[in-house]
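K.L.:
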Amino acid sequence: MAGFPIDVHLSEHGLLDSIAEDVRRGMTSPQKYLLPKFFYDEEGSLLFEQITELPEYYPTRTELSILTDIADELMGRVAPREIVELGSGSSTKTRMLLDAGYKAKTLTRYIPFDVSQTIVESAFIELQRRYPGMALHGVIGDFERHLGLVPPAEGKRLVLFIGSTIGNLEPKERLELLGEIRKLLAPGDFLLLGMDQVKDIAVLEAAYNDAVGVTAAFDLNILKAINNALHADFNVAEFRHRAHYNRDLDRIEMHLYANSPQTVHIADLDMTVEIAKDESIWTESSHKFTEATATSMLQDAGMTLDAWYTDPLRYFGLALATAQG
Ligand SMILES: C[S@@+](CC[C@H](N)C(=O)[O-])C[C@H]1O[C@@H](n2cnc3c(N)ncnc32)[C@H](O)[C@@H]1O
């Protein structure tokens, strides 16, 4: 990538290779599961971009509208010299903040951090064109393992963790990750955390069961990603996608159900998995928050809520937080 460093701590399949044990654990658990971070191979990253444009999938456009509204005020208030973004993906929404910081001449560096090298490299092409003179430094890694490898701060920092990716983690992992994120913040630095809010169940379930089946293709792609990375033979055509809302735990649960009994070989794990007809593999949880649950989650991780930004329907929330002293 011309002129700009990309530190690679994982190869494109490295995440899957390095967490083969997670696949073994998931496939031997009474409720079989795969972790959502396995979704994002090259194909999965492209499918996620298509999801963000679906009419039913309100989170991306709602978060974008909030970011558009608050960008100038937020970047004036925080005035970061650099933005570190976790799970940056295509960096599309981030451009609202980059535009504001670039225009104000306060922002000089952007550090996108993602598991997908392909998506960071393609984001760089547009970023270089749009922000001549701004330093870019990509990091390819797992934010649950490699946050210590983020380049040292060169000034006041805003850490961005948007897209509701935090909602994919279970409470224990979430707390651990927020604790690690806290270590990226010096006094005066900020975290901006994007979260999907609790709302009408029909709206939530429609967003994860879209009419044209892009979410189904994204969900099923996890089996292809595992076939490729671990030499497995999941018969993708024999699984169907379904997402439902769990009211007690305030989360969407996404599953792949077997249409018929399946015997799957995972060569790299030297493992055979039997899956009964209509048995499911749980592929994603997407936890939903309120301002109150977001505030207490941040407090538990040693951070203080400084501001809460939302949209008129209260569909999405962005929490601005600082580390407690
Ligand atoms: C839900 S998408 C959000 C993308 C983008 N931030 C947005 O708001 O549209 C999640 C992003 O996080 C990345 N990701 C998921 N798990 C990750 C992990 N453990 N470490 C680093 N990146 C991860 C994925 O590759 C993907 O780009």
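Using this note's numbering, read the sequence shown as starting at 188 and increasing by one per residue.
Virtual Cβ for every residue (Gly too), placed ideally from N, Cα, C.
These numbers were taken from a predicted model, which means no experiment stands behind them.
1) If the criterion is Cβ atoms closer than 8 Å, does the pair Leu334 and Ile368 meet it?
2) What does DSSP give as the partner residues of Ser171 in its beta bridges?
3) What would DSSP say about Asp487, mapped onto helix, strand or coil?
4) How about Tyr227: is its Cβ closer than 7 Å to a heavy atom in ligand 1?
5) Cutting at 7 Å between CB atoms, please list the residues of its own chain near Trp495, excluding the five before and the five after it.
6) Taking its Cβ as the centre, do 16 or more other Cβ atoms sit within 10 Å of Val390, making it buried, or is it exposed?
7) Taking three-plus beta-carbon pairs below 8 Å as touching, is the region 264 to 275 in contact with the region 335 to 346?
8) Which term fits Glu272, buried or exposed, when burial requires 16 or more other beta carbons within 10 angstroms of its beta carbon?
9) Can you tell me where the alpha helix (DSSP H) with Val401 in it begins and where it stops?
10) I need the straight-line Cα distance from Asp498 to Glu240, nearest angstrom please.
11) Threshold first: 3 residues or longer. Then list the beta strand (DSSP E) segments lying entirely within the region 265 to 336, N to C.
12) Between which two residues does the beta strand (DSSP E) containing Val460 stretch?
13) Report yes if the C-beta distance between Thr402 and Asn408 is below 8 Å; otherwise report no.
14) When you compare only the Cα positions, how much space is there between Leu234 and Asp329?
15) Just to confirm the assignment: which complete alpha helix (DSSP H) runs, minimum length 4, are found wholly within the region 196 to 255?
16) Locate the alpha helix (DSSP H) running through Glu363, then write down its first and last residues.
17) Which residue marks the beginning of the alpha helix (DSSP H) containing Ala510, and which one marks its end?
18) Could you tell me the boundaries of the alpha helix (DSSP H) in which Val390 lies?
19) Can you tell me whether Val307 is buried or exposed? The criterion is at least 16 other CB atoms within 10 Å of its CB, across all chains shown.
20) Excluding the 5 residues preceding and the 5 following Tyr280 in the sequence, name in chain order all residues of the same chain whose CB lies nearer than 8 Å to its CB.
21) Count the other CB atoms within 10 Å of the CB of Gly354; is the residue buried (16 or more) or exposed (fewer)?
22) Looking at the strands, I want to know which residues DSSP matches up with Asn433.
23) On the criterion of 16 or more Cβ atoms from any shown chain inside 10 Å, does His442 qualify as buried, or is it exposed?
24) Report yes if the CB atom of His224 is closer than 8 Å to the CB atom of Val337, and no otherwise.
P.N.:
Considering the structure as presented:
1) In this structure, the beta-carbon distance from Leu334 to Ile368 falls below 8 Å.
2) Shown here, the chain extends from 188 to 512; a query on residue 171 therefore has no answer.
3) Three-state result, Asp487: helix.
4) In this structure, Tyr227 has its CB closer than 7 Å to one or more heavy atoms of ligand 1.
5) Closer than 7 Å at Cβ, skipping near neighbours: Glu478, Gly504, Ala506.
6) The residue in question, Val390, is exposed, as its Cβ has fewer than 16 Cβ neighbours within 10 Å.
7) Touching, yes, given that three or more Cβ pairs across the two stretches are closer than 8 Å.
8) Around the beta carbon of Glu272, 16 or more other beta carbons lie within 10 angstroms, which makes this residue buried.
9) For Val401, the enclosing alpha helix (DSSP H) starts and ends at 401 to 417.
10) Rounded to the nearest angstrom, the two C-alpha atoms are 18 Å apart.
11) The DSSP assignment places complete beta strand (DSSP E) segments of no fewer than 3 residues inside the region 265 to 336 at 269 to 273, 296 to 301, 325 to 327, in order along the chain.
12) Per DSSP, Val460 is one residue of the beta strand (DSSP E) stretching across 458 to 462.
13) Not closer than 8 Å, so no.
14) Our two residues, Leu234 and Asp329, have alpha carbons roughly 20 Å apart in a direct line.
15) Whole alpha helix (DSSP H) segments, 4+ residues: 201 to 205, 207 to 215, 229 to 238.
16) In the DSSP assignment, Glu363 falls within the alpha helix (DSSP H) that extends over 358 to 369.
17) In the DSSP annotation of this structure, Ala510 is not part of any alpha helix (DSSP H); the continuous beta strand (DSSP E) holding it starts and ends at 503 to 510.
18) 388 to 394 is the span of the alpha helix (DSSP H), which, as asked, contains Val390.
19) Buried, by the Cβ-count rule.
20) Inspection of the sequence shows that residue 280 is occupied by Lys rather than by Tyr. Closer than 8 Å at Cβ, skipping near neighbours: Thr247, Glu250, Leu251, Leu254, Ile349, Gly350.
21) Burial state of Gly354 is buried, judged by a 10 Å Cβ sphere holding 16 or more other Cβ atoms.
22) In DSSP, Asn433 forms a bridge with Arg438.
23) If you draw a 10 Å sphere on the C-beta of His442, you find 16 or more other C-beta atoms in it, and that means buried.
24) With the sequence shown as reference, residue 224 is identified as Lys, and His is not the correct amino acid for it. When the beta-carbon positions are compared, Lys224 and Val337 stay at least 8 Å from each other.
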